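Each number in our numbering corresponds to the 1-based position in the sequence shown with 678 added. Each remark here refers to the structure printed beneath this line.
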Amino acid sequence: MIDEVMMLRHGRTQYNLEHRLQGQIDVPLDIVGQWQVDQTGFALASRYYWAKVNRLAEHPEAIAQPGPDAAERTDTRQFEEAPAAGRRMVVMTSDLFRAQQTAHAFADILGLPVTCDQRLRERSFGEWEGMTRAEIKAVAADDYASWKQHTGGETKHGVESRAAVGQRGADAVRALVIDSAYSDSTPTTLMLVTHGSWITATISNLLELDPDGMNALGGMRNACWCRLKVRHSVNGTPTEQPLWELEEYNKAPAIADSADWENGPTDLRGPHMPSWQPIVW
Numbered sequence: 679m680i681d682e683v684m685m686l687r688h689g690r691t692q693y694n695l696e697h698r699l700q701g702q703i704d705v706p707l708d709i710v711g712q713w714q715v716d717q718t719g720f721a722l723a724s725r726y727y728w729a730k731v732n733r734l735a736e737h738p739e740a741i742a743q744p745g746p747d748a749a750e751r752t753d754t755r756q757f758e759e760a761p762a763a764g765r766r767m768v769v770m771t772s773d774l775f776r777a778q779q780t781a782h783a784f785a786d787i788l789g790l791p792v793t794c795d796q797r798l799r800e801r802s803f804g805e806w807e808g809m810t811r812a813e814i815k816a817v818a819a820d821d822y823a824s825w826k827q828h829t830g831g832e833t834k835h836g837v838e839s840r841a842a843v844g845q846r847g848a849d850a851v852r853a854l855v856i857d858s859a860y861s862d863s864t865p866t867t868l869m870l871v872t873h874g875s876w877i878t879a880t881i882s883n884l885l886e887l888d889p890d891g892m893n894a895l896g897g898m899r900n901a902c903w904c905r906l907k908v909r910h911s912v913n914g915t916p917t918e919q920p921l922w923e924l925e926e927y928n929k930a931p932a933i934a935d936s937a938d939w940e941n942g943p944t945d946l947r948g949p950h951m952p953s954w955q956p957i958v959w
């Protein structure tokens, strides 16, 4: 049974650096984005090390064994009997490459398989995909202003509304949480590797917040995560629908507090790489 859902945003891309709307354009991580997801992958792999134990307990054939002259064989029962093996992790990612790269930076450390799912794709930005805010403002000033004010002008240009992407994402999460593949008694963490607008809108929907209202959640930084607890009962009584509690939002690994997270270490930045700057509307 899925009782925890993690949502992890992909690392930085060249489009992020240039403040271009990516939407569903397939853009890979840049060098700083790869550094970000590696740092986050290391941190989360340490936090969720039990997932590797569980995987090896289920697949003891994957446990390394010494050669025929060794005094002993690796005792696979240690993995099978470890309390850590009692919890399972499932890793799913948007099929866009930047998300896949991010998922593997975490999952490969723990030996976990990664499944792609198009339902986790980013919000579509229609005609505006690939454009900067300045470029959009130059050709559609009124609709740009409406988008900025959360009054929907962007939808005239084929942009998926915040409510629509939130509904799409929440439908996917709810379907996964009740999927029969994970309905046994094994407590399960679902790791979803996806995109910033998708995460914010989906969590807003699950928590019944207005994605365009004053109580809307703030944006997500690259390679940061959110964590939701999923409750299937209250005081021992099963609920008709899962209940959601947001326990972490826009969390980063500890290194983000001491390093320049958006720009990365200086030894990664070549002479032709501009510095990342905050978005200016």
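Here a beta-carbon is modelled for each residue, glycine too, at the ideal position from N, C-alpha and C. It should be emphasised that the depicted structure is a prediction, and the values quoted were computed from it without experimental measurement.
Subject >> Nearest-angstrom beta carbon gap, N941 and H688 [assumed within contact, 8 Å] >> reply: Mapped onto the sequence shown, residue 688 falls at position 10. Mapped onto the sequence shown, residue 941 falls at position 263. Between N941 and H688 the Cβ distance is about 17 Å, and since that is not below 8 Å, they are no contact.
Original post:
Is it the case that the Cβ atoms of R733 and L788 are separated by a distance below 8 Å?
Top reply: Counting from one through the sequence shown, the residue named residue 733 turns up at place 55. Counting from one through the sequence shown, the residue named residue 788 turns up at place 110. In this structure, L788 lies closer than 8 Å to R733 by Cβ.
**OP:** Just grab the DSSP bridge partners of E926 for me.
**Re:** Numbered from 1 along the sequence shown, position 248 holds the residue referred to as residue 926. In the DSSP output, where bridge partners are listed per residue, E926 has R905.
Subject >> Backbone CA spacing between A742 and T752 [nearest angstrom] >> reply: Walking along the sequence shown from the start, residue 742 turns up at place 64. Walking along the sequence shown from the start, residue 752 turns up at place 74. C-alpha separation (whole angstroms): 7 Å.
Original post:
Thinking C-alpha only, which one of T915, S824, S863 is nearest S890?
Top reply: Stepping through the sequence shown from its first residue, residue 890 is reached at position 212. A small fix is needed here, since residue 890 is Asp in this sequence, not Ser. Of T915, S824, S863, the residue nearest in Cα terms is S824.
Original post:
Using 8 Å as the threshold, is the region 830 to 843 in touch with the region 799 to 814, meaning 3 or more CB pairs across them?
Top reply: yes
Original post:
Under the rule that 16 or more other beta-carbon atoms within 10 Å means buried, what is G948, buried or exposed?
Top reply: Reading the sequence shown from its first residue, position 270 is the one you call residue 948. Under this definition G948 is an exposed residue.
Subject >> Three-state secondary structure (DSSP) of T833 >> reply: Here residue 833 refers to the residue found at position 155 when the sequence shown is read from its first residue. Helix at T833.
Subject >> Bounding residues of the alpha helix (DSSP H) (the contiguous stretch that carries I709) >> reply: In the sequence shown, the residue the question calls residue 709 occupies position 31. Element bounds for I709: 709 to 725.
**OP:** Out of A748, G896, G844, H910, state which residue places its alpha-carbon closest to the alpha-carbon of T880.
**Re:** Translated into positions along the sequence shown, residue 880 becomes position 202. Nearest C-alpha to T880: G844.
Subject >> From E926, E807, T864, residue whose alpha carbon lies closest to that of M898 >> reply: Numbered from its first residue, the sequence shown carries residue 898 at position 220. Taking only the C-alpha atoms, the option nearest M898 is E926.
**OP:** With DSSP as the reference, please indicate the residues paired to R766 in a beta bridge.
**Re:** By one-based count along the sequence shown, residue 766 stands at place 88. Paired residues: T866.
Original post:
Three-state secondary structure (DSSP) at L734?
Top reply: Locating residue 734 in the sequence shown gives position 56, counting from the first residue. Looking at L734 - three-state DSSP - the assignment turns out to be helix.
Original post:
C902 to K929, Cα distance in whole Å?
Top reply: The residue you call residue 902 lines up with position 224 of the sequence shown. The residue you call residue 929 lines up with position 251 of the sequence shown. Computed Cα separation, rounded: 5 Å.
Subject >> the region 758 to 767 touching the region 857 to 869, judged by at least three CB pairs closer than 8 Å >> reply: yes
Original post:
Since I881 is in the alpha helix (DSSP H), which residue starts that stretch and which ends it?
Top reply: On the sequence shown, position 203 is the one that residue 881 refers to. Run containing I881: 874 to 884, per the alpha helix (DSSP H) assignment.
Original post:
Quick one: is A735 buried, meaning 16 or more other Cβ sit within 10 Å of its Cβ, or exposed?
Top reply: As a working note, residue 735 is residue 57 in the sequence shown. So A735 ends up on the buried side.
Original post:
Do you know offhand how far I709's Cα is from Q778's?
Top reply: As a position in the sequence shown, residue 709 is number 31, starting the count at 1. As a position in the sequence shown, residue 778 is number 100, starting the count at 1. C-alpha separation (whole angstroms): 15 Å.
Original post:
Which same chain residues, not among the five before or five after I877, have their C-beta less than 7 Å away from its C-beta?
Top reply: Here residue 877 refers to the residue found at position 199 when the sequence shown is read from its first residue. Around I877: M685, R687, M898, C904.
Subject >> Coil, strand or helix - Q919 by DSSP >> reply: Numbered from 1 along the sequence shown, position 241 holds the residue referred to as residue 919. Note: Q919 maps to strand in three-state DSSP.
**OP:** For Q717, I'd like the list of residues in its chain whose CB is within less than 6 Å of its CB, leaving aside the five on either flank, ordered along the chain.
**Re:** Here residue 717 refers to the residue found at position 39 of the sequence shown. Hits under 6 Å: P931, I933.
Subject >> Cα-Cα separation, K907 to D747 >> reply: Counted from its first residue, the sequence shown places residue 907 at position 229. Counted from its first residue, the sequence shown places residue 747 at position 69. If I take the Cα positions, the gap works out to 48 Å.
**OP:** Tell me T754's beta-bridge partners as DSSP assigns them.
**Re:** Taking the sequence shown and counting its residues from 1, one reaches residue 754 at position 76. T754 pairs with nothing; no bridge assigned.
Subject >> Bridge partners - S802, DSSP secondary structure assignment >> reply: Position 124 of the sequence shown, counted from the first residue, corresponds to residue 802. Its beta-bridge partners do not exist; DSSP assigns none.
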